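Q: Handing you this structure, nothing more for now.
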Amino acid sequence: MTEQSCQLCERVAMPGRGLCSRCSKGIGRVRGDCTGCGKPDRLLDFEGRCRWCRERARKRCTDCGRDDALLVGVDGDRVCDPCALRLHLDRVLATDGALAPLRESILRAEPPTTRRWLARTRELLNALDTRRLPLSHDTLDELPQRHAAEHLRALLIAAGLLEPDPHRGLRRLEALIPTLLARLDPEHRQLTTRWLHWKVLPRLRLLDEQRRVDISTRNARRQIEQVIGFLAGLQNNGRHLDETTQHDIDSWFAGTGAIRQVVRPFLTWARQNRQISRHIELPPTYVGQPVTPMDSEERWQIARRLVTDDALDPADRIAAALVVLYAQPLHRVVALTTNDVTVTETGTSLKLGTDALELPTPFASVIRSLPVRRRDGTAEHLPTKWLFPGNCAWQQPNSSPERYRPR
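Okay, here's the thing in structure tokens:
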């Protein structure tokens, strides 16, 4: 065990104590007025401090002087959480680097979690900050950690360091297709490529021109993966698509998960092009469970709760009110921005399309409290225009009023 020095005279301290036996008994120490608190007749250390002032000094941040916060060790010093975050950040991002606009939001975030994030992404952030790596979407696309790259991308876009790329989803899917098809044999790979170029990609490119491709691209990737899974199963059994039997079809669609249904358009195309027998029967199109419309009494129960229940989350309360009381579709609700809210001396209005809706009490006061910061991360401290910000910086949420149905 390493010997500990006495806090007062630097002799060897007693085990488990911060003082040696002499200082603990007061030998060689004098009584007098404490230089810290000024109280008289105190047993002083060799710096003229009483026991209580010495203990407070041990709990004081050596960087900012706070004595009311928990301390953590950084390079042998005991500092508070905000100072520890700043010291860690100074090692990663320079005050005049390329990522300097991110510093303020990072410093205002929750310290322990943010320090762990900085530790995980230190090399990448430093390379981008010093411009050893170009600050671009292509750089982030090459990172192996996809979720970490998307989080950083959202932060950079929200901070104005990176321009949004609405076409990136389709480009990434097109670049990923050869990798996804690699597990198929050449004949199946060629057939799947034809289906993609004739049926899937043209529709996605049309949606891309209309800036409505994000969700469709993710759905298309899942569909491609399921088609490849179906063809790979045939390969494992030593058969080709034109040797598909009704048993193969029934076994696939009887498997677990409704996602298997997305293979049906591919099989329909294959049957039309005589790649599988025309006698093969495909199951009907999956339509899911129908949603029963709520009756008027249930609707008014929800409305009364939205009006009277102040314990509801403000963002959820406004979003649900717009759906239940004003029949607004969710895609329009989540697209609202702070510029759509107008506060005047006579009241508060919300712009919906070309019209302005005068909000009654209590919704007028509730909407003025939006947007609500749900967490204390870096993304929540970046500027946002959305009235209902999502989990990622600059993106919209997926709101749902279903939680307000009466039990």
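Quick note on numbering: our numbering labels position 36 of the sequence shown as 18, and the sequence is numbered without any gaps.
Backbone N, C-alpha and C fix where the C-beta goes; we use that ideal spot for every residue, glycine too.
As the structure is a prediction and not an experimental result, all values here were calculated from the model.
1) Going by DSSP, which residues form a beta bridge with Gly55?
2) Would you be able to state if there are at least three C-beta pairs under 8 Å between the stretch 256 to 270 and the stretch 234 to 245?
3) Quick check: what's the CA-CA separation for Lys181 versus Val305?
4) How would you call Ala338, buried or exposed, if buried means at least 16 neighbouring beta carbons within 10 angstroms?
5) Start and end of the beta strand (DSSP E) containing Glu340?
6) Please report the straight-line C-alpha distance between Thr121 and Val289, rounded to a whole angstrom.
7) Just the C-alpha distance for Gly220 and Trp177, rounded to the nearest angstrom, thanks.
8) Can you find the residues in the same chain that come closer than 7 Å, C-beta to C-beta, to Ser186, ignoring five residues on each side of it along the sequence?
9) If the criterion is Cβ atoms closer than 8 Å, does the pair Val323 and Ala301 meet it?
10) Straight-line CA distance for Arg128 to Pro146?
11) Looking at the strands, I want to know which residues DSSP matches up with Val(-6).
12) Between which two residues does the beta strand (DSSP E) carrying Thr290 extend?
13) Taking DSSP as the reference, what is the three-state secondary structure of Ile25?
14) When DSSP labels each residue in this structure, what does Val316 get in the three-state scheme?
15) So the alpha helix (DSSP H) Val305 belongs to, where does it begin and stop?
16) So, Leu71 versus Leu100, is the Cβ gap smaller than 8 Å?
17) Candidates Leu53, Arg24 and Arg31: which alpha carbon is nearest Thr17's?
18) How is Ser259 classed by DSSP in three states: helix, strand or coil?
19) Report yes or no: do the stretch 102 to 122 and the stretch 57 to 64 share at least 3 C-beta pairs separated by less than 8 Å?
20) Taking only the alpha-carbon atoms, compute the straight-line gap between Asp358 and Ala91 and give it to the nearest angstrom.
21) Mind checking Gln205: buried by the 16 CB within 10 Å criterion, or exposed?
22) Apart from the five residues on each side of it in sequence, which residues of its chain come closer than 8 Å, Cβ to Cβ, to Gly335?
23) Could you say which of Leu223, Asp232 and Glu156 lies nearest to Ser259 if we only look at CA atoms?
24) Write down the C-beta distance between Leu163 and Arg154 rounded to the nearest angstrom, noting that I regard them as a contact closer than 8 Å.
25) Alpha carbons only, please: which of Thr44, Ala346, Ile262 and Pro93 is nearest the one belonging to Glu225?
26) Hey, would you say Cys43 sits closer than 8 Å to Cys19, going by beta carbons?
27) Answer yes or no: do Leu352 and Ala297 have a C-beta to C-beta separation smaller than 8 Å?
28) Identify, in the order they occur along the chain, each residue of the same chain with its Cβ nearer than 6 Å to the Cβ of Glu362, setting aside the five sequence neighbours on each side.
29) DSSP on Cys182, reduced to helix/strand/coil?
30) For Ser(-13) and Trp368, what's the separation of their Cα atoms in angstroms?
31) Measuring only the C-alpha atoms, how far is Ser3 from Trp34?
32) By the DSSP assignment, the alpha helix (DSSP H) with Arg348 in it spans what residues?
33) At 4 residues or longer, what runs of the alpha helix (DSSP H) sit wholly inside the stretch 153 to 218?
34) Of the choices Trp282, Glu105 and Thr319, whose alpha-carbon is the least far from that of Tyr308?
A: Straight from the coordinates:
1) Arg60
2) The answer is yes - the stretch 256 to 270 touches the stretch 234 to 245, with three or more Cβ pairs under 8 Å.
3) 36 Å
4) exposed
5) For Glu340, the uninterrupted beta strand (DSSP E) run begins and ends at Asp337 to Glu340, by DSSP.
6) 49 Å
7) 22 Å
8) Here residue 186 turns out to be Leu, not Ser, going by the sequence shown. These residues qualify, in order along the chain: Leu152, Val195, Ser198, Thr199 and Ala202.
9) Not in contact: Val323 and Ala301 (Cβ atoms no closer than 8 Å).
10) 17 Å
11) Note: Val(-6) sits in a beta bridge opposite Ser(-13).
12) Counting along the chain, Thr290 falls outside any beta strand (DSSP E), though it belongs to the alpha helix (DSSP H) covering Ser278 to Thr290.
13) Note that residue 25 is Leu in the sequence shown, not Ile. DSSP places Leu25 in strand when its eight states are reduced to three.
14) Correct three-state label for Val316: coil.
15) Pro296 to Val306
16) yes
17) Arg31
18) coil
19) Short answer: they don't touch.
20) Spanning the two alpha carbons is a distance of roughly 5 Å.
21) buried
22) Arg314
23) Leu223
24) Actually they are not in contact, since the Cβ atoms of Leu163 and Arg154 sit about 15 Å apart, beyond 8 Å.
25) Comparing Cα positions, the closest option is Ile262.
26) With contacts defined as CB atoms closer than 8 Å, Cys43 and Cys19 fail to qualify as a contacting pair.
27) Their beta carbons are under 8 Å apart, which means Leu352 touches Ala297 by this criterion.
28) Cβ within range, chain order: Arg355.
29) Inspection of the sequence shows that residue 182 is occupied by Val rather than by Cys. Collapsing the DSSP output to three states places Val182 in a helix.
30) 57 Å
31) 19 Å
32) The sequence shown places Val at residue 348, not Arg. Element bounds for Val348: Phe345 to Ile349.
33) 168 to 177, 183 to 191 and 196 to 218
34) Trp282
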